[in-house]
Every structure is written in C-alpha cells, then in structure tokens.
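**Student:** Quick one: the structure is below, and I'll ask about it shortly.
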Amino acid sequence: MEELSELLLQRRRKVDALWEAGINPYPNDFKPQHTSADILAAYGDKEQIDASAEMFVVAGRILARRSFGKAAFIQLQDRKGRIQLYVKKDEIGEDAFAAFESFDIGDIVGVEGYPFRTKTGELSLHARSIRLLVKSLLPLPEKFHGLTDVETRYRQRYVDLIVNPEVREIFVKRSRIV
0 MEELSELLLQ
10 RRRKVDALWE
20 AGINPYPNDF
30 KPQHTSADIL
40 AAYGDKEQID
50 ASAEMFVVAG
60 RILARRSFGK
70 AAFIQLQDRK
80 GRIQLYVKKD
90 EIGEDAFAAF
100 ESFDIGDIVG
110 VEGYPFRTKT
120 GELSLHARSI
130 RLLVKSLLPL
140 PEKFHGLTDV
150 ETRYRQRYVD
160 LIVNPEVREI
170 FVKRSRIV
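Just so it is clear: in the sequence shown, position 117 is 116 by numbering that gives the first Met the number 0, and no numbers are missing.
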C-alpha cells in the first residue's frame, strides 16, 4: 500500500508540473480520425509500405513502452484494438520528446504518423507528432496481457475493461442486445 501511495503522489506531481508549465494535462481539442483497425485493414497484408504512405491520426491508451535513448516503442490501445508506435526524437522534436519522456503507462495520447514495418515485420505507426490527451493518475496492472486475479477483476471492473479487450467486447455486445 505504501508503494501505491508513493506512485499516486508521483503522478499527481507530474500533473501539477504540467499545469505549472502551462500545459493542460486534459485537453479536449484533439480529434482522432482513424483507429488501429483502420491501419491494420489498409496495410496489414502489405509486406512493403510506400514511404509516402498516408498519415493517420489516432488516439489511445499507452499499455507498454520500451525506450532506447532517442527512440521508443509504445503499445497503444484504442477502442478497436492495439498498434505499436515508433517515436523518434529527431522526428517529433526535442520539446515534444521531452514531454513524451514524462508519459506514463495508462496515459492517453494523440498521435499523427504514417505506417511502416519494423525489422521484425510488425506493422507500426511512425509518429510525426505525439501529445498528451489524458494524464492517468491511477496505475494499470504490471502486465497488460490481462488480469489473472478474479477478485481484482470484479472489484476494479474499470481496470478489467481497460486491460482485457475480450471482456470489453462482451460488455459492448450485451449493451447492444439490451
């Protein structure tokens, strides 16, 4: 419990620092025009992607991140699925990359970028710009592959709906039936 309190305080300090820097951690002026499913539908079956591929504007929650100095990979989840983002300091600029460094797992970001394939062949979105849309104050579970503790899944239903797409789909289907 002590660790959780410290994590909450740390995230609240980040929100306060954003306000003091004149940055709204909860802006409402970003309009996503695409989903991860749109990108997968358009480029999922293509082995080679043209360098002049169309730009996509997506928004989603950060589920995981792997940083490599001046570049990072992010696993982004939106309402239709997941896609990997590639963020490079040279592409988005130093100020935006410095802001990006303060993003946490659970934050919701808006991204504009173009699709490409990584060396491993995974379809990814190469970010041209990235900005914070919602700063998460509560941490997500360690593993984004899903919750395993049944009691936690029922007591913290919102977390279960965030990290388990299958459960979220069941809720959506039930609401459409009713």
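Cβ coordinates follow ideal geometry from the N, Cα and C atoms, glycine included.
Since the model is a prediction, treat every value here as computed from it, not as a measurement.
In the DSSP assignment, find the beta strand (DSSP E) that holds S123 and state where it starts and stops.
**Tutor:** 122-133
**Student:** CB-CB under 7 angstroms to V133, same chain, minus the five flanking residues each way: which ones, in chain order?
**Tutor:** Y25, D106, I107
**Student:** Under the three-state reduction of DSSP, which class applies to Y108: helix, strand or coil?
**Tutor:** Correcting the residue identity first, residue 108 is Val in this sequence and not Tyr. Strand, per DSSP.
**Student:** Going by the CB atoms, is the gap between I91 and A63 shorter than 8 angstroms?
**Tutor:** Their beta carbons are not under 8 angstroms apart, which means A63 does not touch I91 by this criterion.
**Student:** E100 and S128: beta carbons closer than 8 angstroms?
**Tutor:** no
**Student:** Given R116, which residues of its chain have a CB within under 8 angstroms of its CB, disregarding the five upstream and five downstream residues?
**Tutor:** Hits under 8 angstroms: E46, Q47, I48, L122, S123.
**Student:** Quick one: residues in its chain with C-beta nearer than 7 angstroms to the C-beta of R78, no 5 flanking neighbours on either side, listed in chain order?
**Tutor:** Excluding residues up to 5 positions away in sequence, T34 lie with their Cβ nearer than 7 angstroms to the Cβ of R78 in the same chain.
**Student:** Would you kindly check if the distance between the Cβ of G68 and the Cβ of L39 is under 8 angstroms?
**Tutor:** Against a cut-off of 8 angstroms, the Cβ pair of G68 and L39 comes out as no contact.
**Student:** At what residues does the alpha helix (DSSP H) containing V158 begin and finish?
**Tutor:** 156-162 is the extent of the alpha helix (DSSP H) around V158.
**Student:** Label S135 either buried or exposed according to how many other C-beta atoms from any shown protein chain fall within 10 Å of its C-beta, with 16 as the threshold for buried.
**Tutor:** buried
**Student:** What's the call for A126, buried or exposed, on a 16-neighbour Cβ count within 10 Å?
**Tutor:** Buried, since its Cβ has 16 or more Cβ neighbours within 10 Å.
**Student:** So A70 packs on K87, CB below 8 angstroms; how close in whole Å?
**Tutor:** 5 angstroms
**Student:** Quick one: which unbroken alpha helix (DSSP H) runs of 4-plus residues sit fully inside the segment 9-89? Chain order, please.
**Tutor:** 35-42
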